[in-house]
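With positions in the sequence shown counted from 1, the corresponding number in our numbering is that position plus 261.
First up is the structure itself, then whatever we jot down about it.
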Amino acid sequence: MKSLLFALFALLLAVAVACSIAFGITNISFAEIVRSFTHYDASQAQLIIRTARVPRALVAACVGGSLAVAGALMQVISRNPIASPSTLGINSGAAFFVVLGSGLLGFTGMRALTLVALVGAAVSGAIVYILGSMGRDGMTPVKITLAGATIAAFFFSLTQGYMLADGRMFDQVLIWMVGSVAGRDMNMLVAVLPYMAAGMVIALLLSRHLNVLEMGDDVAQGLGQSTAKIKGFASLAVILLAGASVAVAGPIAFVGIIIPHIVRYFISGDYRWLIPFSALFGAILLVAADLGSRYIAMPSEIPVGVATAILGVPFFVYIARKGRRIG
262 MKSLLFALFA LLLAVAVACS IAFGITNISF AEIVRSFTHY DASQAQLIIR
312 TARVPRALVA ACVGGSLAVA GALMQVISRN PIASPSTLGI NSGAAFFVVL
362 GSGLLGFTGM RALTLVALVG AAVSGAIVYI LGSMGRDGMT PVKITLAGAT
412 IAAFFFSLTQ GYMLADGRMF DQVLIWMVGS VAGRDMNMLV AVLPYMAAGM
462 VIALLLSRHL NVLEMGDDVA QGLGQSTAKI KGFASLAVIL LAGASVAVAG
512 PIAFVGIIIP HIVRYFISGD YRWLIPFSAL FGAILLVAAD LGSRYIAMPS
562 EIPVGVATAI LGVPFFVYIA RKGRRIG
């Protein structure tokens, strides 16, 4: 049954990608989309399809899936229902390092900026973990949330301060800082795709162990699981997924919070299914949000990060009030 559902939602993702390619300020027929790949003639419509719309849709799908899986991993290893790359400072740290690397060190290539983003994600994650683990009772959901919020605000303030000090930098990265997939090309996606794929493979390989970890560290250790190794590899997957996503699309928020809870409620809490369904649902959400963002202020477009925030804030409040525990 779940395999059939996965196939149906994969088909829905394909439809969402097709709609993302077809609709916008300039609408393009589906027949023209097919012709752009079968009988390419370099017309204006086909140039838009191949150089703008297709890369944009694929970047949105990959980033949405990566952020959703990163959120699912963070929620189980921190036992915090509102954990995600945005709420625990991972995105902010990666964004600060990208801005710093671009402005101060002069990095321009996507591969170099991706590596810088991964370092920033790792540094911010390590700081949050250290702060959240202080005290006799170790890491708790409240402590990790407070530590994450603090580090997110800290790196966001540093980023804003640096951008304001350099007016040229402010103009260049303002839209990227909100979170956007517009203007991305295939070379950018190719540069970050290996890191996303590696993070996804690690998450899938860990899925069976995450089911045990969800029962609690004591139970997992009693069943012979090495919780430190599981959390370490899960953290590595989060860094790869979130860091690569921030490098190509900026710090898009809330996807990592929304999707894992939807999958748990409607599909399954088994991580062997939760991980792949989270990737699929996250891709659908961000592709759909990007498509919807084109119509909110037509003929102008708003960054997709604004659209996910509009969806995510009420969901965040609901989860916080409900107080659902992971495990």
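Where a beta carbon is used, it is the ideal one built from N, C-alpha and C, also for glycine.
| field | Assumed close pair Val266, Ala498 - CB separation to whole angstroms, cut-off 8 angstroms | value | Checking the displayed sequence, the identity of residue 266 turns out to be Leu instead of Val. For a cut-off of 8 angstroms, the C-beta gap from Leu266 to Ala498 is around 24 angstroms, too long to register as a contact.
| field | 8 angstroms contact criterion, which Ala464 and Val330 should meet: CB distance rounded | value | That belief holds up - the Cβ atoms of Ala464 and Val330 are roughly 5 angstroms apart, short of 8 angstroms.
| request: Please confirm whether Gly386 and Ile405 have their CB atoms less than 7 angstroms apart. | output: No; because the gap between Cβ atoms is not below 7 angstroms, this pair is not in contact.
| task | Let me know the secondary structure DSSP gives Gln486 once reduced to three states. | result | Looking at Gln486 - three-state DSSP - the assignment turns out to be coil, as it is neither helix nor strand.
| Cutoff 7 angstroms: Thr411 Cβ touching any chain C Cβ | Protein chain content of the structure displayed is limited to a single chain, and chain C is not contained in it.
| If you check the beta carbons only, do Val548 and Phe538 fall under 7 angstroms apart? | No, Cβ-Cβ distance for Val548 and Phe538 is not below 7 angstroms.
| query | Does DSSP classify His300 as helix, strand or coil? | reply | Assigned with DSSP and collapsed to three states, His300 falls in coil, not helix or strand.
| If we ignore side chains and look at the alpha-carbon of each, how far apart do Ser522 and Ala303 end up? | Residue 522 is actually His in this sequence, not Ser. For His522 and Ala303, the distance between alpha carbons rounds to 44 angstroms.
| message | Could you check whether Gly511 and Ser418 sit closer than 7 angstroms to each other, using their CB atoms as the reference points? | response | Going by C-beta atoms, Ser418 is not nearer than 7 angstroms to Gly511.
| query | Where does the unbroken alpha helix (DSSP H) through Ile338 begin, and where does it stop? | reply | Its alpha helix (DSSP H) spans residues 315-339.
| query | Where do the ends of the alpha helix (DSSP H) carrying Ser418 lie? | reply | For Ser418, the uninterrupted alpha helix (DSSP H) segment begins and ends at 402-426.
| query | With contact counted as at least three CB pairs below 8 angstroms, one residue from each stretch, are the segment 449-457 and the segment 576-583 in contact? | reply | With a cut-off of 8 angstroms, the segment 576-583 and the segment 449-457 do not count as touching, because too few Cβ pairs lie within range.
| Helix, strand or coil for Glu475 per DSSP? | DSSP, reduced to helix, strand and coil, places Glu475 outside both helices and strands of the structure shown, so it counts as coil.
| What number of angstroms, rounded off, separates the C-alpha of His300 from the C-alpha of Val360? | Note on geometry: alpha-carbon atoms of His300 and Val360 lie some 41 angstroms from one another.
| query | In chain order, which beta strand (DSSP E) runs of at least 3 residues are fully inside the segment 494-521? | reply | Given a length threshold of 3 residues, the segment 494-521 has no whole run of the beta strand (DSSP E) inside it.
| field | Exposure of Thr369, with buried meaning 16 or more beta-carbon neighbours within 10 Å | value | Exposed: under 16 other Cβ atoms inside 10 Å.
| Ile518 to Ser529 span [Cα, whole Å] | C-alpha separation (whole angstroms): 16 angstroms.
| request: Determine the contact status of Ile436 and Pro342, defining contact as a CB-CB distance below 7 angstroms. | output: No, they are not a contact pair.
| task | To the nearest angstrom, report how far apart Ala489 and Ile310 are at their CA atoms. | result | Between Ala489 and Ile310, the C-alpha separation is close to 46 angstroms.
| message | Taking its Cβ as the centre, do 16 or more other Cβ atoms sit within 10 Å of Val337, making it buried, or is it exposed? | response | With 16 or more Cβ atoms within 10 Å of its Cβ, Val337 is classed as buried.
| Distance, Ser353 Cα to Ala540 Cα | Take the alpha-carbon of Ala540 and the one of Ser353: they are about 22 angstroms apart.
| message | Between Gly477, Phe357, Leu269, which has its C-alpha nearest Leu365's C-alpha? | response | Closest option to Leu365, Cα to Cα, is Phe357.
| task | Determine the contact status of Leu407 and Gly460, defining contact as a CB-CB distance below 7 angstroms. | result | No; because the gap between Cβ atoms is not below 7 angstroms, this pair is not in contact.
| query | Just checking my contact of Val278 with Ala318 at CB under 8 angstroms: how many whole Å lie between their CB atoms? | reply | Indeed, because the Cβ distance is near 5 angstroms, the residues count as touching under 8 angstroms.
| Beta-carbon separation of Asp506 and Val324 under 7 angstroms? | The sequence shown places Ser at residue 506, rather than the Asp named in the question. Less than 7 angstroms separates the beta-carbon of Ser506 from that of Val324.
| query | Where do the ends of the alpha helix (DSSP H) carrying Asp551 lie? | reply | Residues 532-557.
| said: If you reduce the DSSP assignment to three classes, tell me which class Phe284 lands in. | reply: Look at Phe284 here: in three-state DSSP terms it is coil, with no helix or strand label.
| Looking only at its own chain, which residues have a Cβ that is under 7 angstroms from the Cβ of Leu273, when we skip the five neighbours before and after it? | So the qualifying residues of the chain are Ile545.
| request: Please state whether DSSP places Phe368 in a helix, a strand or coil. | output: Phe368 sits in coil when the DSSP states are folded into three classes, being neither helix nor strand.
| Span separating the alpha-carbon of Ala570 from that of Arg582 | Approximately 18 angstroms between the Cα atoms of the pair.
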